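First the structure, in the form of structure tokens, and then the observations on it.
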Amino acid sequence: MQTKDWFVLKSKAEQAGYSKKNFPGLSTSWRRGVPIMVGALLLGAGAVDAASLDKAIEDAISGRLNCAGVAPGSPLAAVCGGGGSSSGGAAAAAQTTPGVVQERLLKARGEGEGMADSVSELLPGLSVFLSGEYESLDKDRTPFEGGYDSDIQRFTLGSDYQFTDKVMAGLAFTYYNHDGDFDNFGGDFDNDSYGVTFFASILPIDQVFVQVNAGYAAKDYDRTRAVSFSALSGLANADYEGDEYSAGILAGYDYTVGNLSIGPRLGLDYIRTEFDSYTETGSTGLELSFADADQTSLQSRLGLASSLAFSTGFGVLLPQAGVNWVHEFENDQRSEAFSFKDDLNSVAFLYENEGPDRDFFEFTLGVSAVLPHGWLPFVQFRAIAGHEYLDSYAGTIGLRKEF
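Oh and the sequence shown: position 105 is 104 in numbering that gives the first Met the number 0, straight run, nothing missing.
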């Protein structure tokens with residue numbers, strides 16, 4: 000569902016009576032939205048044997064690592080050149096831009112309401128909004144990366160201004176937290192993001208709209224990776240930062256029949272995430288180092304959206320539904336590199352990260368209401384389907400107030 004502004008709802012009511020550098024060691028988990036997903040290290044695969052990161056670590060210790068270069072007396076020196084079980088765990092992070100921004104972009108289109116906990120019009124044409132959202136995002140284990148179960152909480156505060164009946168623009172500030180646990184007691188992660196997004200909507204001709212958005216987010220990643228190899232076991236911890244740059248455009252046409260509005264949508268979303276280099280901490284001897292990295296995602300979305308307005312004894316109800324086919328053009332599977340913290344020569348070893356699922360579908364379903372005295376409650380559900388290894392379900396419920 001894409002949020003439409005308060006006066007749009009009122010209109011409906013009256014009718015009825017959203018390159019790596021050097022040797023990167025990260026992979027990015029992508030997502031929907033004004034969508035987008037951010038990256039991080041997951042269980043990867045060795046570049047030589049196309050195995051997991053665990054296998055690449057085991058192979059390096061068992062034969063490829065020059066043991067003479069390992070720090071004397073370190074835990075790694077004790078097992079260098081020997082066999083054993085592999086390390087476990089991985090890291091992950093994901094991010095999305097706020098759906099409320101996507102919805103507020105549709106302010107001038109005349110299609111219903113959505114996703115804001117409260118909105119107050121302070122001056123003619125000026126609005127402020129607050130949004131909260133929860134999402135369950137789970138990943139299945141694959142030959143290249145480990146699985147995890149995770150939760151996302153997102154809070155957005157923003158403002159927009161209606162310059163004319165055809166032009167609206169605004170800013171939104173978002174805090175986002177993504178935390179989860181890796182499968183098989185492989186560790187956990189807790190990632191935070193603080194972002195700002197500019198958005199605008201233009202109506203060049205009747206029934207046609209164009210939306211644009213551009214944003215930046217500062218990201219902080221915390222990960223714990225379970226380690227087990229021969230006599231070594233324990234936890235390796237990582238704390239590193241990143242920067243995310245995003246942009247998007249969406250165009251559509253709305254065909255109206257009575258109180259029903261339906262039409263096609265075509266959009267393009269770009270996101271580039273840059274990760275700082277980092278070295279894990281711990282005393283297992285299997286702590287790893289990763290260089291700076293970057294990740295690029297470019298997704299198109301082709302879909303259909305509809306809304307319906309009808310009056311009741313207590314107000315006007317506005318059910319909405321939509322479906323999008325999402326295609327990923329970038330984010331190719333690639334070789335990543337790591338080195339051992341205790342290796343004085345910092346020899347790099349390669350594995351391969353997860354390749355993207357190129358095509359999947361996104362469904363949205365919601366209902367909002369225009370009630371007396373400016374109250375506008377809503378509920379929304381969103382899900383993806385047909386994705387090879389991701390399951391995502393998001394729900395939003397809120398209340399908006401017009402003054």
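Yeah, the Cβ is synthetic: ideal placement off N, Cα and C, and Gly gets one too.
The model shown is predicted, which means the values in this text are computed figures rather than measured ones.
Asked, Found
"Closest by C-alpha distance to residue 366, when choosing among 331, 204, 314", "314"
"Whether residue 382 touches residue 368 by CB criterion (9 Å)", "no"
"Nearest neighbour of residue 404, chosen from 321, 208, 351, 169 [CA to CA]", "Residue numbering for the chain in the displayed model covers 0 to 402; residue 404 lies beyond these limits and cannot be assessed."
"Cβ pair count under 8 Å reaching 3, the region 201-220 against the region 241-249", "yes"
"Whole-angstrom distance between residue 189 and residue 329, CA atom to CA atom", "26 Å"
"Helix, strand or coil at residue 58 according to DSSP, with G and I counted as helix", "helix"
"Extent of the continuous beta strand (DSSP E) to which residue 340 belongs", "That residue, residue 340, is in no beta strand (DSSP E); it is neither H nor E in DSSP."
"Per DSSP, cross-strand counterpart(s) of residue 190", "177, 220"
"Range of the contiguous beta strand (DSSP E) that encloses residue 255", "254-256"
"Residue 300 versus 142, 165, 192, 323, residue with shortest Cα-Cα distance", "323"
"Reference residue 172, options 58, 131, 142, closest by Cα", "131"
"Cutoff 8 Å; reference residue 254; Cβ partners in own chain excluding five residues on either side", "206, 260, 261, 262"
"Residue 142 (DSSP reduced to helix, strand or coil)", "coil"
"Whole-number beta carbon distance between residue 179 and residue 147, since they are thought to touch under 8 Å", "5 Å"
"Range covered by the beta strand (DSSP E) that runs through residue 349", "348-351"
"Rounded C-alpha distance that separates residue 163 from residue 242", "34 Å"
"Through-space distance from residue 252 to residue 304, alpha-carbon basis", "10 Å"
"Start-end ranges of the beta strand (DSSP E) lying completely within the region 240-298, minimum 3 residues", "254-256, 259-274, 287-289"
"Environment of residue 355 [buried if 16+ CB atoms lie within 10 Å]", "buried"
"Among 159, 280, 362, 284, nearest to residue 129 - alpha-carbon criterion", "159"
"For residue 328, the first and last residue of its enclosing beta strand (DSSP E)", "Counting along the chain, residue 328 falls outside any beta strand (DSSP E), and DSSP gives it neither H nor E."
"One or two residues paired with residue 215 in a DSSP bridge", "195, 244"
"Residues near residue 166 in its chain [Cβ-Cβ closer than 7 Å; skip 5 each side]", "201"
"Which listed residue (136, 337, 161) has its alpha carbon closest to that of residue 276", "337"
"Status (buried if at least 16 other CB within 10 Å, exposed otherwise) for residue 311", "exposed"
"Contact the region 372-379 vs the region 343-353: 3+ CB pairs below 8 Å", "no"
"Proximity winner among 377, 139, 326, 236, relative to residue 340 (alpha-carbon distances)", "236"
"Option in 223, 326, 124, 359 with minimal Cα separation from residue 283", "223"
"Helix, strand or coil at residue 371 [DSSP, three-state]", "helix"
"Proximity to residue 221 [Cα-Cα], best of 203, 199, 177, 230", "177"
"Three-state class that DSSP yields for residue 313 in the structure shown", "coil"
"Reduced DSSP category for residue 106 - H, G, I as helix; E, B as strand; rest coil", "The predicted position of residue 106 is uncertain, since its pLDDT is 43 and thus under 50; a value taken from the coordinates is nonetheless stated next. Residue 106 falls in the helix class under three-state DSSP."
"For residue 182, three-class secondary structure by DSSP", "helix"
"Residue burial classification, residue 289 (beta-carbon count within 10 angstroms, cutoff 16)", "buried"
"Burial state of residue 384, where buried means 16 or more other Cβ atoms lie within 10 Å", "exposed"
"Cβ-heavy atom distance, residue 148 to the ligand FAD, below 8 Å", "Absent from the structure shown: the ligand FAD. Ligands present: none."
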